[in-house]
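The sequence shown begins at -7 in our numbering and counts up by one.
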Amino acid sequence: MTKWKTACRLTTTIATMLAVQANAKIASEQPEIALGPFKSQEMTKNAKGTIFYSQDSVFEGADDLLDWQNASPAKTAGAAGYEGTQSNKTYAKYGFPAGKPIIVAVLDSGVDVTHEDLKGKLWVNKKEIPNNGMDDDKNGYVDDVFGWNFIGNKKGNAKFVPVSENNFDSGVVYTPGAAEFQVGIDTLEVTREFVRYTKLAQTTTLSPEQEKYFEYVKAKYEEMKADPGYSTKPGYFDVTSDTRATIVKDNYADIKEKFYGNNDVIGPDSFHGTHVSGIIAAARDNGVGINGIATNVKIMAVRLVPDGDERDKDVANGIRYAVDNGAQVINMSFGKGFGPYKKTVDAAVKYAVSKGVILVHAAGNDTENNNIDPNFPNRWNLAEYPNGKVDFPLWVEVGASTYTKKRLAAPFSNYGSKTVDLFAPGYKIYSTVPGNKYTLASGTSMASPATAGVIAATMSFFPKKCPSLVRNSVIKFSRKYPGVDTIVGYDGSVVARFGTLSKSGGVADLFNTVTFLRGYKKKCDN
């Protein structure tokens, strides 16, 4: 995920700050990560800056790297040590948690619910009768079998038929909704702000504050249009595009409107959301594919991220849908540099927090300090700004780490001593993609579900522990690296103490968290 800047940009201000923080160690002592050759070096980026490698990209001669997000730093027989979440070690020592599965909502581009490695790992709305065109459970959403798509037209419903009678866990036959009723490419938020303020200036006199903001928006709009990383997708900057009017047909100005969209949770391109879902929940006991970090979980699919920027109204409604349908953890691997309707999103986040739902969010891929350059949505409740920045108590912001201490912070990852809670594996993560395939991807988009997986697994081990205790324990007992320095960015010119890049200074660690809570008698920490 990214905002409006290319992932490798590092401002002079941030570089200067980090140079002061850094231990006096020259960049040449921090070598690049040695990965070994790939079968293919092809890679692409999406609108969020997530790096996708070609379908046939695999590590040669290091098969254990395909599972490194589950690994431990210590070397074991037949395997090198990698800076993973230690989930494999946790299950080897403490067994697999049982009981009622934890529901994790994946708010993303869509999820391929037909994927072989997600069988039995999907939330199914058992109160809904599939394909009958009716809202059986009276929740306002017709045929929402696996979740909901907030960026589609109500005429675009899909059909989901289990391969065995009434058993979606055995697999699904999917008939997509018509393509013309699904949003594929959409504009970036900077484009929408440019259009909004252009129209506003034509009908009213802007205040000095509005004029200043409009000039800022115009500068960013022109900068991004000229950026090679974005210019290949002209739809991002199309000032005439209006997917709400032409496809979704909701009243976008009505922030209270909730009941629009369709049930096609796969949509035109579910690559990103499927990869995210596999990191959290891919089946460990089926003999195919990969191992998800959490075992006793179900994925709820909520589609709201197009090829472009998500809209605040959809984010807010996606959060509310997830909460109202039983999600206990919400993963949000998306973000942008503008949040014009942040208060709408904040109200939904506040609602989720009131219901005890933990929200996990990717910090961004711009090599930026989020203390200085905000990434939306974020942990601060805008409604409370007059009284100072009030932190949503169940929010978790995640940066991306690599598998070696030699360069622990991923070169693209955002960071922030006040804004990012911890880091998690997000560099060349092997996971599920549509069509029963698997591939590598890098981004804080991968680090966020790694953390969501740790949180969900912890909740499954300790179902009677309150959400705030689980959330706080995952952060507090992240794996620390005292004295370890890391390169920040791509060029190796900036070195910082890893512990200064987040509030905890650590990497998400399931083993540390579970070991602590096994000996902690209290159900809550307050």
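Glycine included, C-beta positions come from ideal geometry on N, C-alpha and C.
Small disclaimer: the values here were computed from a predicted structure and weren't measured.
Non-local beta-carbon contacts of Phe229 in its own chain, meaning distances under 6 Å to residues more than five positions away in sequence, involve Thr183, Lys217 in chain order.
Within the same chain, Asp338, Lys342, Val382, Phe384 come within 7 Å of Asn373 by CB-CB distance, once the 5 residues on both sides are set aside. Of the candidates Ser325, Trp387, Cys516, Pro154, Ser325 places its Cα closest to the Cα of Ser101.
If you look at Lys290, you'll find it isn't in any alpha helix (DSSP H); it sits in the beta strand (DSSP E) that goes 289 to 295. Counted as a single uninterrupted DSSP element, the beta strand (DSSP E) harbouring Asn159 occupies residues 159 to 167. DSSP, reduced to helix, strand and coil, places Pro89 outside both helices and strands of the structure shown, so it counts as coil.
Shown here for Asp517: same chain residues with a beta carbon closer than 7 Å to its own, the five before and five after excluded, namely Ser460, Leu461, Asn464 in chain order. Taking C-beta atoms under 8 Å as the contact rule, Asn254 and Asn141 qualify, at a distance of about 5 Å. Contact between Ser409 and Ala402 does not hold, since the beta-carbon distance rounds to 17 Å and is not under 8 Å.
Distance between Asn363 and Leu400, taken at the CA atoms: about 20 Å. Counting the other Cβ atoms within 10 Å of the Cβ of Ala237 gives fewer than 16, which makes it exposed. Counting the other CB atoms within 10 Å of its CB gives Thr235 a total of 16 or more, which places it among the buried residues.
For Gly270, the three-state secondary structure derived from DSSP is helix. Put simply, the region 265 to 272 touches the region 407 to 425. At least three CB pairs are less than 8 Å apart. In the three-state scheme derived from DSSP, where H, G and I count as helix and E and B as strand, Gln61 is classed as helix. C-alpha of Asp316 to C-alpha of His353: approximately 19 Å in a straight line. Of the candidates Leu58, Leu57, Val349, Gly73, Gly73 places its Cα closest to the Cα of Ser64. In this model, Lys514 and Leu432 are separated by some 40 Å (Cα to Cα).
Pairing Ile311 with Asp104 gives a Cβ-Cβ distance that is not under 9 Å. Membership of Ile311 in the alpha helix (DSSP H) is indicated by the continuous run 304 to 316.
DSSP places Leu192 in the helix class (H, G or I) of the three-state scheme. One Cα belongs to Val98, the other to Val345, and the distance between them is close to 17 Å. For the set Met451, Asn406, Thr505, the Cα lying nearest the Cα of Tyr482 is the one of Asn406.
In terms of Cβ geometry, Leu386 and Val349 form a close pair [threshold 9 Å]. With a 10 Å radius around the Cβ and a threshold of 16 neighbouring Cβ atoms, Lys204 comes out exposed. Annotation: the region 397 to 449 contains the following complete segments of the beta strand (DSSP E) (minimum length 3 residues), in chain order: 414 to 417, 421 to 425, 429 to 434.
Apart from sequence neighbours up to five positions away, the residues of its chain that approach Ala39 with a beta-carbon distance below 8 Å are Thr(-6), Leu180, Tyr222, Lys225, Tyr228, Asp299, Gly300, Asp301, ordered along the chain. Residue pairing by DSSP places Phe44 opposite Thr36, Ala433 in a beta bridge.
Counting the other CB atoms within 10 Å of its CB gives Thr197 a total below 16, which places it among the exposed residues.
When only Cα atoms are considered, Met126 and Val134 end up about 5 Å apart. DSSP, read as helix, strand or coil, puts Gly281 in coil. With 16 or more other CB atoms across the displayed protein chains lying within 10 angstroms of its CB, Glu389 is buried. In this structure, the beta-carbon distance from Leu114 to Ile291 falls below 9 Å. A distance below 6 Å between beta-carbons, with the five flanking residues on each side excluded, links Ala308 to the following residues of its chain, in chain order: Thr336, Val337, Ala340.
Under the three-pair Cβ rule at 8 Å, the region 412 to 420 does not count as touching the region 80 to 98. Cβ-Cβ separation between Lys151 and Asn131: approximately 19 Å, too far for a contact (criterion under 8 Å).
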